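Asker: Please find one structure pasted underneath; my questions will follow.
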Amino acid sequence: MSQVPDAKGFPGIPLAGWLISGAVVGALSFMIVAMSYRSSSYELEKFGQLPIQSGGRLKPFDTLARTSLQVITHRTEFSDTEGRTRPATEWLLDVMTSRLSDKGRAESLKIFRVENDQVLRLLGVERRQGLRYSISEFRERMGDIEKAASEAAKVDPARRDVYQRQLLELTRHLELYIQIATLSIPETGFIPPEPATEGETATDRWMSFQEAMVATREGRNNPATEAFGRLLLAYANQKPADFNKQLASYHDILKERIPESAMAKVQMEQAYNAVNPIYLACVLYLCVLLATLAGWMFGAKELITLQRSVLAATIMVACIHTVALLMRMYLQGRPPVTNLYSSAVFIGWGCAWLGVVIELLDKRGAGNAIAAVTGFLSLLIAQFLGASGDTLEMLQAVLDTNFWLATHVTCITLGYTASFVAGFLGIGYVLWGVCTPWMSAESGKALIKKTYGVVCFATLLSFVGTVLGGIWADQSWGRFWGWDPKENGALLIVLWNALILHARWGGMVRDRGVAVLAILGNMITAWSWFGTNQLSVGLHAYGFDQTLARSLVITWIAHLGLAGVGMLPASCWWSLRPKTNTIGTVANANLKAATGRKR
Amino acid sequence: MSQTPLHAEIERPPANRKPAPGAALATLKILASLKITVVLFALSIILVFYGTLAQKEQDIWDVVNEYFWSWFVFIPNRLTSMFLQIFFGMPTSFNIPGSIPFPGGKLIFWAIAVNLLAAHATRLRVSWERSGVLLIHGGLILMMLGEFLTREFAVENTMTLITGGKSSFVESNRHVELAFLQPKDSATDHVLVVPGPMLEAAAKSGKPIDDPRLPCTVTVKQYYHNCDLKDRLKDEPPYTTHGEGKDLTMLERPRINGVDPDQKVNMPGALVQLTDRDGTDLGTWLVSIWLQQTRTPRPQKLITKAGEQLVSLRFQRTYKPYTITLEEFRHEVYPGTTKPRNFQSDIRLEDPEIGVDRPTTIRMNEPMRHRGETFYQHQALAGDSGSVLQVVRNPGWLLPYLSCAVVSLGMLTHFGINLSRYLRRMA
Numbered sequence: 013m014s015q016v017p018d019a020k021g022f023p024g025i026p027l028a029g030w031l032i033s034g035a036v037v038g039a040l041s042f043m044i045v046a047m048s049y050r051s052s053s054y055e056l057e058k059f060g061q062l063p064i065q066s067g068g069r070l071k072p073f074d075t076l077a078r079t080s081l082q083v084i085t086h087r088t089e090f091s092d093t094e095g096r097t098r099p100a101t102e103w104l105l106d107v108m109t110s111r112l113s114d115k116g117r118a119e120s121l122k123i124f125r126v127e128n129d130q131v132l133r134l135l136g137v138e139r140r141q142g143l144r145y146s147i148s149e150f151r152e153r154m155g156d157i158e159k160a161a162s163e164a165a166k167v168d169p170a171r172r173d174v175y176q177r178q179l180l181e182l183t184r185h186l187e188l189y190i191q192i193a194t195l196s197i198p199e200t201g202f203i204p205p206e207p208a209t210e211g212e213t214a215t216d217r218w219m220s221f222q223e224a225m226v227a228t229r230e231g232r233n234n235p236a237t238e239a240f241g242r243l244l245l246a247y248a249n250q251k252p253a254d255f256n257k258q259l260a261s262y263h264d265i266l267k268e269r270i271p272e273s274a275m276a277k278v279q280m281e282q283a284y285n286a287v288n289p290i291y292l293a294c295v296l297y298l299c300v301l302l303a304t305l306a307g308w309m310f311g312a313k314e315l316i317t318l319q320r321s322v323l324a325a326t327i328m329v330a331c332i333h334t335v336a337l338l339m340r341m342y343l344q345g346r347p348p349v350t351n352l353y354s355s356a357v358f359i360g361w362g363c364a365w366l367g368v369v370i371e372l373l374d375k376r377g378a379g380n381a382i383a384a385v386t387g388f389l390s391l392l393i394a395q396f397l398g399a400s401g402d403t404l405e406m407l408q409a410v411l412d413t414n415f416w417l418a419t420h421v422t423c424i425t426l427g428y429t430a431s432f433v434a435g436f437l438g439i440g441y442v443l444w445g446v447c448t449p450w451m452s453a454e455s456g457k458a459l460i461k462k463t464y465g466v467v468c469f470a471t472l473l474s475f476v477g478t479v480l481g482g483i484w485a486d487q488s489w490g491r492f493w494g495w496d497p498k499e500n501g502a503l504l505i506v507l508w509n510a511l512i513l514h515a516r517w518g519g520m521v522r523d524r525g526v527a528v529l530a531i532l533g534n535m536i537t538a539w540s541w542f543g544t545n546q547l548s549v550g551l552h553a554y555g556f557d558q559t560l561a562r563s564l565v566i567t568w569i570a571h572l573g574l575a576g577v578g579m580l581p582a583s584c585w586w587s588l589r590p591k592t593n594t595i596g597t598v599a600n601a602n603l604k605a606a607t608g609r610k611r
Numbered sequence: 002m003s004q005t006p007l008h009a010e011i012e013r014p015p016a017n018r019k020p021a022p023g024a025a026l027a028t029l030k031i032l033a034s035l036k037i038t039v040v041l042f043a044l045s046i047i048l049v050f051y052g053t054l055a056q057k058e059q060d061i062w063d064v065v066n067e068y069f070w071s072w073f074v075f076i077p078n079r080l081t082s083m084f085l086q087i088f089f090g091m092p093t094s095f096n097i098p099g100s101i102p103f104p105g106g107k108l109i110f111w112a113i114a115v116n117l118l119a120a121h122a123t124r125l126r127v128s129w130e131r132s133g134v135l136l137i138h139g140g141l142i143l144m145m146l147g148e149f150l151t152r153e154f155a156v157e158n159t160m161t162l163i164t165g166g167k168s169s170f171v172e173s174n175r176h177v178e179l180a181f182l183q184p185k186d187s188a189t190d191h192v193l194v195v196p197g198p199m200l201e202a203a204a205k206s207g208k209p210i211d212d213p214r215l216p217c218t219v220t221v222k223q224y225y226h227n228c229d230l231k232d233r234l235k236d237e238p239p240y241t242t243h244g245e246g247k248d249l250t251m252l253e254r255p256r257i258n259g260v261d262p263d264q265k266v267n268m269p270g271a272l273v274q275l276t277d278r279d280g281t282d283l284g285t286w287l288v289s290i291w292l293q294q295t296r297t298p299r300p301q302k303l304i305t306k307a308g309e310q311l312v313s314l315r316f317q318r319t320y321k322p323y324t325i326t327l328e329e330f331r332h333e334v335y336p337g338t339t340k341p342r343n344f345q346s347d348i349r350l351e352d353p354e355i356g357v358d359r360p361t362t363i364r365m366n367e368p369m370r371h372r373g374e375t376f377y378q379h380q381a382l383a384g385d386s387g388s389v390l391q392v393v394r395n396p397g398w399l400l401p402y403l404s405c406a407v408v409s410l411g412m413l414t415h416f417g418i419n420l421s422r423y424l425r426r427m428a
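So the protein lines, in turn, are chains A and B.
Taking this note's numbering, the leading residue of the first sequence gets 13, the next gets one more, and so forth.
Taking this note's numbering, the leading residue of the second sequence gets 2, the next gets one more, and so forth.
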């Protein structure tokens, strides 16, 4: 790449680039994080750091508050009766204390999201902006709702219509609300067990507040129960100073019972929630994309300097993403991928860094664009997948092996990653060549070389990942290959990548062909990632996700469309169109290079 | 897409010179064509895709036999319709009739093998540059060999153990047999079995199974691959004249399909009419796995001229020279939840022939190996009253490990050579 000016600094990024990008990324991060900060006379953050036992692990109240509110209202914050945005912990406390005082305002908070008109009619409320309603608005209709819901529940899950699905979803949300209000959430304990005295066997199960109260009434006094009760009362009576005092004393009791390291982990999780680095990175990737696009508006020389600076920003955002990933790994004590949510975070991470590598080699912004687009999209998918609950959940017994999670799962997910990056490079090539006049023969070739390299990488990773999966299966139930849908999905990726490589080696496809095949590869990867899950549970509809299935279809259609564009005859490619001006011969050379046809 | 002719065609010698070897070589070169490779890849992708869809309605073993271990398969268009229904919201009434003939897994596999060998014979010369490709292809052949060995010789069985109990036989839950058991002495029983497929065939043909070794002739009136037993209602006539079936009713259930997440197995059942050797009618009997796979198996007592028999439909058994005792079964959950964290069987393995008598532990991801067989923690019995072990004998188990290493090494070499060449050119 001879036209690249001698850049100083590491790695080929001028110092000014680092500084400017650092300032911009820093300022944006500060703004985004600061915007989510809400002050309160109650020490809500400190309350949010208190540990509870839920889903088999210790987690902060903050996580419970956010995941519950997310499920019910699709946000991790809410608007109070005066329209101010308030944090999830405040809502949780409002609901938890709603039965302790008649001053409670939990029932008048508009948090239940209802979209369906028929359901709205059943609730007896008018459709309004935001689509969120409070219990006090439909309390009288509770009986009707219950009756209608039990009717809907009788229908086979696969055959339920939108109204029935949404009605049942609403009742599930109401159920969760009531569980929180009555302080008896399944698989969740608020009160830690007392240290075992002599002659007793230690238990590691925490009690729900209900159980703890019963124990107190039976004379088994637990100081934690009392302290927690006082804490709730102080909140119910709206006495911030008292609340903060009780909070400190409850915290002291917990400190004696819970090891320091566990306590620190829970506090770290609260901090992770508060900063929300995944969301942060998601927004910043979008900014990187805009900067890259802006960079392309300038001429060649400025472009390289600007894209170098954007690369600095990309690296910083990818670092934020990396920190998020490492924090999750530390919190869970597991390799990066343990569920669908974390696979999205990890795929985004891999794509971003692969984009950085491509940019380091290519220097024209393609790598930045790939990192930004894939990083943004995968984190968007993660936000969607994470909306259904705890993303740091404990693993089923068969998955309880860090060795295989670290090798097979990581490898196969990196295989997905590389396949996606190849696909997006293909998309970039097609859009660049068809929609702009700027793709020169040399730069187009360079992009396809990158695509080809990434396909090689994808073949290797997905093959090794697939076989490691087979070996894991052999280790855990004695069958190397079971033709199970998920295994087949992985096999399809391997076969498809092998097909691309062999088609290229055999001269059946040239640059445009590789681009189109790589684009189609995205469809196959998406199928393996999400489609097979939809299939295996399609009959047992509890796991079948309508939104996911629909998004998958949209993805397929979009990619088919893009592949179709890529298959347009060369004369329709703006960059390949023979030009009558002085650079006509060059353009013609482009055409030949890309199509392999003699004219 | 490309107009470039295959070099097989470019290099084809003129027909008039050295016709015999030339023609053979030309044929070989055509067989070695990369175009064929790509087409075969495309075909296998389609096959694997439909083989996945098919698991929604068929048992996984049927799918493997029909799609992947066959020469040809008729892919029903119903699968395409189903796919469109699930993802594209087509109405459930939407159905394309008919089916499409398609090459099966065996055919594609052999075609790939021929294509690959032809390529190595004609095109791919042995050189340092090509070492990666050689390793990849060699490793793949090894892997296919492993899959073949597994398919032909691997045996998968289960051993069911109740806590405190012992067992010295394994069962195949894909095969059943009708057993007539005659206790000989305290240590041994005399058992005669009729294999499941024979029962099925007899149910279809209506002909009785008459074998001089059996204590009686068996006429199969009904045979269900998967059934359920219900208590008989008061006003219903008795289902059979003898045995347990007098108070039960047998209902047919659809066969378990391949993607059932609960990993259930088919529970066959049959209604049989037994006739003694001298022609005396011994009545109708209900036999089913359900009567056998309970905590208290209920073999039914049958009196024949040859003596007292216990009759039952059971999973096909294989007796082993070793005995396993389940000393303790552990099912641990995450605190405060019902989510399983660990399943573990603490067992004692006794094999007097080779002087083994030791306690050991089998848990998830940590199998035990003994006498060429591998024992895996498979399932828990209802109420954690015991454990089910998967017992697998697979002579080809090492090949996947080996081939994986070889292919990975090959890819690293090949792509590494390409990458270093690319980087050198960039520099």
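We put the CB at the ideal spot given by N, CA and C, even for glycine.
If you're wondering where the values come from, they're calculated on a predicted model, not measured in any experiment.
Would a check of beta-carbon distances place A/Asn500 closer than 8 Å to chain B?
Answerer: It does: the Cβ of A/Asn500 has a partner Cβ on chain B nearer than 8 Å.
Asker: Under 9 Å Cβ-Cβ, which residues of chain B neighbour A/Ser488?
Answerer: Those within 9 Å of A/Ser488 in chain B are Met365, Asn366, Glu367, Pro368, Tyr377 and Gln378.
Asker: Would B/Ser94 be called buried (16 or more neighbouring beta carbons within 10 Å of its own) or exposed?
Answerer: That one is exposed.
Asker: Does chain B have any CB closer than 8 Å to the CB of A/Glu199?
Answerer: Interface residue, yes.
Asker: What residues in the region 224 to 240 of chain B have a beta carbon less than 7 Å from any beta carbon of chain A?
Answerer: Cβ contacts with chain A come from no residue of the region 224 to 240 of chain B.
Asker: Determine the closest residue to B/Pro322 out of B/Ala119, B/Val171, B/Ala202 and B/Ala180, with distance taken between C-alpha atoms.
Answerer: Here the closest residue by C-alpha is B/Val171.
Asker: I want to verify the contact list: residues of chain A whose CB lies under 8 Å from the CB of B/Tyr335, in sequence order.
Answerer: Ordered by position in chain A, the residues that pass the 8 Å Cβ test against B/Tyr335 are Gly67, Gly68, Arg69 and Met406.
Asker: Using the rule of at least 16 other Cβ atoms within 10 Å of the residue's Cβ for burial, across every protein chain shown, is A/Gly550 buried or exposed?
Answerer: Per-residue confidence for A/Gly550 stands at a pLDDT of 35, beneath the threshold of 50, marking its modelled position as unreliable; the derived number appears in the next sentence. So A/Gly550 ends up on the buried side.
Asker: Counting C-beta neighbours from all protein chains within 10 Å, is the total for A/Val167 16 or more, i.e. buried, or is it exposed?
Answerer: Exposed, since its Cβ has fewer than 16 Cβ neighbours within 10 Å.
Asker: If we ignore side chains and look at the alpha-carbon of each, how far apart do B/His371 and B/Thr324 end up?
Answerer: Approximately 12 Å, taken between the alpha carbons.
Asker: Counting only C-beta atoms, is A/Arg320 closer than 8 Å to chain B at any point?
Answerer: So, not an interface residue.
Asker: I'd like the list of long-range same chain contacts for A/Glu238, defined as Cβ closer than 6 Å, with 5 residues on each side in sequence excluded.
Answerer: Cβ neighbours of A/Glu238 beyond the five flanking positions: none.
Asker: In terms of alpha-carbon separation, which member of B/Val221, B/Glu130 and B/Leu327 lies closest to B/Ser289?
Answerer: For B/Ser289, the nearest C-alpha among the options comes from B/Val221.
Asker: Could you check the C-alpha separation between B/Ile163 and B/Glu309 for me, to the nearest Å?
Answerer: Going from the Cα of B/Ile163 to the Cα of B/Glu309 covers about 27 Å.
Asker: Which runs of the alpha helix (DSSP H) spanning at least 4 residues fall entirely within the region 153 to 241 of chain B, listed in chain order?
Answerer: Complete alpha helix (DSSP H) runs here, min 4: 197 to 206.
Asker: Assuming A/Arg125 and A/Thr93 make a contact with CB atoms under 8 Å, what is their CB distance in whole Å?
Answerer: Wrong, their Cβ atoms sit about 17 Å apart, outside the cutoff.
Asker: Please tell me whether A/Val476 has its Cβ less than 8 Å away from any Cβ of chain B.
Answerer: Output row for A/Val476: interface = yes.
Asker: Ends of the alpha helix (DSSP H) at A/Thr425?
Answerer: Its alpha helix (DSSP H) spans residues Thr422 to Cys447.
Asker: State buried or exposed for A/Gln178, treating a residue as buried only when at least 16 other CB atoms are found within 10 Å of its CB.
Answerer: So A/Gln178 ends up on the buried side.
Asker: Hey, A/Pro497 and B/Gln56: beta-carbon distance below 8 Å or not?
Answerer: Their beta carbons are under 8 Å apart, which means A/Pro497 touches B/Gln56 by this criterion.
Asker: Could you give the distance in angstroms between the alpha-carbon of A/Tyr247 and the alpha-carbon of A/Met47?
Answerer: The straight-line gap from Cα to Cα measures roughly 25 Å.
Asker: Expressed to the nearest angstrom, what Euclidean distance is found between the alpha-carbon atoms of B/Ile11 and B/Leu26?
Answerer: At B/Ile11, the pLDDT of 38 sits below 50, so the modelled position is not reliable; the number obtained from the coordinates is stated separately. Computed Cα separation, rounded: 13 Å.
Asker: Apart from the five residues on each side of it in sequence, which residues of its chain come closer than 7 Å, Cβ to Cβ, to A/Ile270?
Answerer: The residues are Pro63 and Pro204.
Asker: When you compare only the Cα positions, how much space is there between B/Leu193 and B/Arg278?
Answerer: Approximately 15 Å, taken between the alpha carbons.
Asker: Within a Cβ cutoff of 6 Å, which residues of the same chain sit near B/Thr38, ignoring the five residues on either side of it in sequence?
Answerer: Result list for B/Thr38: Asn116, in chain order.
Asker: Counting pairs of Cβ atoms below 8 Å between the region 332 to 340 of chain A and the region 354 to 367 of chain A, do you hit three or more?
Answerer: Contact holds: three or more Cβ-Cβ distances are below 8 Å.
Asker: Just verifying my parser: in three-state terms, what is the DSSP assignment at A/Tyr145?
Answerer: Here A/Tyr145 sits in strand by DSSP.
Asker: Name the chain A residues whose beta carbon is nearer than 8 Å to that of B/Val64?
Answerer: Under the 8 Å cutoff, chain A gives Trp495.
Asker: Please confirm whether A/Tyr297 and A/Val329 have their CB atoms less than 8 Å apart.
Answerer: Yes, the Cβ-Cβ distance between A/Tyr297 and A/Val329 is below 8 Å.
Asker: Rounded to whole angstroms, what's the CA-CA distance from B/Lys231 to A/Ser162? Just pull it up for me.
Answerer: The straight-line gap from Cα to Cα measures roughly 28 Å.
Asker: With a Cβ-Cβ cutoff of 8 Å, do B/Arg349 and B/Thr375 count as a contact?
Answerer: No.
Asker: What does B/Trp398 reach in chain A if we use C-beta pairs closer than 9 Å?
Answerer: Those within 9 Å of B/Trp398 in chain A are Asp486, Gly490 and Phe492.
Asker: Keeping to the same chain, check which residues put their C-beta closer than 6 Å to that of B/Ala203; ignore five residues upstream and five downstream.
Answerer: Within the same chain, B/Ala203 has close Cβ partners Ile210 and Val221.
Asker: Report the neighbours of A/Val565 on chain B: residues whose CB is nearer than 7 Å to its CB, in chain order.
Answerer: The contacting residues are Phe88 and Phe89.
Asker: Pull out every residue of the region 113 to 136 of chain A whose Cβ sits closer than 9 Å to any Cβ of chain B, in chain order.
Answerer: Residues passing the 9 Å Cβ filter: none.
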